[in-house]
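Numbering (the working numbering), first residue to last: 8 to 312.
From the three backbone atoms N, C-alpha and C, an ideal C-beta is built for every residue, glycine too.
Reviewing the structure listed below.
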């Protein structure tokens, strides 16, 4: 019985130590969420305006290689944004699951998929399964910079501008990232970056949704303006996806660490009750042995008399 009590006490000490670690990680993640949200919110107006600008230019251009979809697309590039560190709940698993879904969808459409992976966890996942990757980036997911996004965008744009049949280019570029909805909700999503999808929307509907649209004059031409804007647009889309993923990662890590802390505290309470029960059983057993010994001595004394 004493050995069992020592086991309970040892487990209680180790669980309390683990709870202190997870509590500290929860607090660190909470402070980093605020910073990541601030950076993401600061980048959002520019991302919104450059998207509107590219959409306005695209509506003036009737024939552009980055706007036209291939008649028979055969190859697509998929950029998957995961994390470099663990202990973030299902963050990376959800991103990989979404990339697998997109991978299957593109393959069913008869397209070859080329993977570009951001984050050590995604790289490890593909290396373990011996899946080919065209290019990988690590150690940038927690504090992404615009230079990181531009480097990724340059690699993807260079591949996109190649001829698909003779130079191994791609017909489409997709991004798989994690959208930040709130502190408690983040969900993996995928979207196509190139070719651009130009949607015809009624002017009244567009004005009601986004406000009055500015009028643009293009010099020297709308085609030249689009050539200048598209690389910045792609880099900005990737940058904003990295920022959203960074905020989502910290929120997911904070939620995971809070759940781990709560579970540890609940386990400590359970182990404390079990230790108390073991201690009470030990005391009861000792009392029973003492009483039994006393009764035996009393009986022996009565018999001798």
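With a 10 Å radius around the Cβ and a threshold of 16 neighbouring Cβ atoms, residue 147 comes out buried. In the DSSP assignment, the residues bridged to residue 187 are 193.
Residue 48 is classed as exposed because its beta carbon has fewer than 16 other beta carbons within 10 Å across all chains shown.
Counted as a single uninterrupted DSSP element, the alpha helix (DSSP H) harbouring residue 114 occupies residues 98–115.
Cα atoms of residue 228 and residue 191: separation of roughly 46 Å, rounded to the nearest angstrom. Residue range 153–167 is occupied by the alpha helix (DSSP H) that includes residue 163. Shown here, residue 95 sits in coil according to DSSP, grouped into three states, outside any helix or strand.
If you draw a straight line from the Cα of residue 93 to the Cα of residue 189, it is about 20 Å long.
Distance between residue 81 and residue 167, taken at the CA atoms: about 12 Å. DSSP lists 83 as the bridge partner or partners of residue 120. Under the Cβ criterion (8 Å, minimum of three pairs), the stretch 233–245 counts as touching the stretch 156–174.
Under DSSP, residue 182 forms a beta bridge with 86 and 198. Listed in chain order, the non-local C-beta contacts of residue 25 below 6 Å within the same chain comprise 271, local neighbours out to five positions each way being set aside.
Where residue 136 is concerned, there is no enclosing alpha helix (DSSP H), because DSSP gives it neither an H nor an E. In the structure shown, residue 177 adopts coil according to DSSP, grouped into three states.
In this structure residue 64 is buried. Its beta-carbon is surrounded by 16 or more other beta-carbon atoms within 10 angstroms. DSSP places residue 143 in the uninterrupted beta strand (DSSP E) bounded by 142–144.
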